[in-house]
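Quick notes on the structure that follows.
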Amino acid sequence: VDLTNDGTIARLAEQYMQLTPAEIAPLPPAATPIPGPTPTAAPGACIDGMAYVSDLNYDDENMTDPVEMEPNEDFEKGWRLKNVGTCTWTDKYSIRYVYGNEAESGMGGETTYVSGSVKPGQTYDMYVELEAPSKPHTYQGFWQMYNANVQAFGQTVWVGIVVPGEEPEPTQAPEATKQPEQPPAIQYFQADPTQIDVGVCTTLSWSFSGESLADAWITRNTERVFNDLPTEGSVEDCGLAVGQYTYVLQVSSEFAGTAQQQVLVEVLELEVNPQ
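So the sequence shown is numbered by my numbering: it starts at 2 and just counts up by one.
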């Protein structure tokens with residue numbers, strides 16, 4: 002438009018195209034930008050999370066001192082669990098036996114459902130009805146939380162007991178017994194800062210541990226953004242639009258379940274001070 006107003010277009014057209022100013026078509030008016038919607042964070046679904054708090058009874062001291070049970074003795078094992086996700090646990094949520102060190106480590110336990118509801122941040126005392134096996138041995142059974150869609154989440158918990166007595170002599174030399182693996186644990190997961198202006202980066206840092214780790218990744222509003230994480234490190238996330246973002250660190254192992262932890266980051270619209 003400026004080249005037209007100062008006559009540059011007319012001079013060039015007359016010099017190179019032999020056109021008079023009257024023959025030059027006027028330029029169309031400049032397009033007016035159409036304001037789009039203000040970008041917001043993706044509405045993603047809530048996130049399930051569970052953290053072990055404590056044993057309510059029959060504490061085996063990390064399998065160093067499992068409780069003695071008589072053969073076929075009925076008992077009730079309890080754990081205090083915390084909802085560390087953003088989903089509310091309903092009566093569709095359950096805890097289920099997943100594996101153990103022996104075929105009888107399930108101890109007859111059945112899927113047990115949550116009674117009522119457990120909101121994010123609340124704790125819940127979960128009990129399962131069990132029966133000690135009949136054969137003398139040390140037993141350890143692992144249990145896992147499942148959501149309403151029967152998807153496993155959170156830390157794995159266990160029950161450990163010993164049925165006293167002489168174990169039958171093996172018919173052949175037994176293979177070396179591998180100690181049950183511990184579930185992965187997250188030492189910390191944090192964002193700094195947690196409130197930023199548009200165009201500013203936030204730094205995510207973490208530390209986790211565990212045996213036979215299979216994968217570790219970070220999601221932003223349920224979308225994977227960082228994969229194959231080392232056990233300790235940090236990474237910057239930049240270029241975020243205005244909105245709220247939920248970052249979740251998830252760590253899985255091959256045999257001992259998963260662990261996850263989340264942080265929230267808010268991106269604010271940059272304020273421009275009038276001159």
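In this text, a Cβ means the ideal position worked out from N, Cα and C, and glycines have one as well.
The structure presented is a predicted model; accordingly, all values stated were derived computationally and were not measured.
Item	Value
So what does DSSP say about Gln188, is it helix, strand or coil?	strand
Applying the 10 Å Cβ sphere with the 16-neighbour rule, what's the burial state of Val129?	buried
Do you know whose CA, among Ser116, Gly122, Leu250, lies nearest Val187's CA?	The sequence shown places Ile at residue 187, rather than the Val named in the question. Answer by Cα proximity: Leu250.
Expressed to the nearest angstrom, what Euclidean distance is found between the alpha-carbon atoms of Leu271 and Ala153?	41 Å
Hey, would you say Thr87 sits closer than 8 Å to Val115, going by beta carbons?	no
By DSSP, does Val264 sit in helix, in strand, or in coil?	strand
Determine the direct distance from the alpha carbon of Val252 to that of Asn228, and round the result to whole angstroms.	11 Å
Would you kindly report the start and end of the unbroken beta strand (DSSP E) that includes Thr1?	There is simply no residue 1 to check, as the chain begins at 2 and stops at 276 in what is shown.
How about Cys202 and Glu233: do their beta carbons lie closer than 8 Å?	no
Between Val1 and Met51, is the Cβ-Cβ spacing less than 8 Å?	With the chain running from 2 to 276 in the structure shown, residue 1 is simply not present.
I think Pro184 touches Gln156, with their Cβ atoms under 8 Å apart; what is that distance to the nearest whole Å?	5 Å
For Ser116, decide whether its Cβ has a neighbour in chain B, counting only Cβ atoms nearer than 8 Å.	The displayed structure is made up of one protein chain only, and chain B is not part of it.
Determine the direct distance from the alpha carbon of Trp207 to that of Gly161, and round the result to whole angstroms.	31 Å
So what does Gly161 bridge to, in DSSP terms?	Gln141
Whole angstroms are fine: how far does the CA of Gly211 sit from the CA of Ala32?	No answer about Ala32 holds up, because its pLDDT of 37 lies below 50 and its placement is not dependable.
Applying the criterion that 16 or more other CB atoms from any shown protein chain within 10 Å of the CB defines a buried residue, is Val277 buried or exposed?	This structure gives no information on residue 277, because the portion of the chain shown stretches from 2 to 276.
With DSSP run on the structure shown, which of helix, strand or coil describes Ile96?	strand
Shortest alpha-carbon distance to Gly258 belongs to which of Trp144, Val243, Ala104?	Trp144
Compare the beta carbon distance of Met146 and Ile96 with 8 Å and say whether it is the shorter of the two.	yes
If you draw a straight line from the alpha carbon of Asn58 to that of Glu77, how long is it in whole angstroms?	8 Å
In this structure, how does DSSP classify Gln251 when only helix, strand and coil are distinguished?	strand
Between which two residues does the beta strand (DSSP E) carrying Val129 extend?	124 to 132
Buried or exposed for Leu269, please, with buried defined as at least 16 other CB atoms from any protein chain shown within 10 angstroms of its CB.	exposed
Determine the direct distance from the alpha carbon of Phe190 to that of Ser222, and round the result to whole angstroms.	It is Asn, not Ser, that sits at residue 222 in the sequence shown. Distance between the alpha carbons of Asn222 and Phe190 is about 16 Å.
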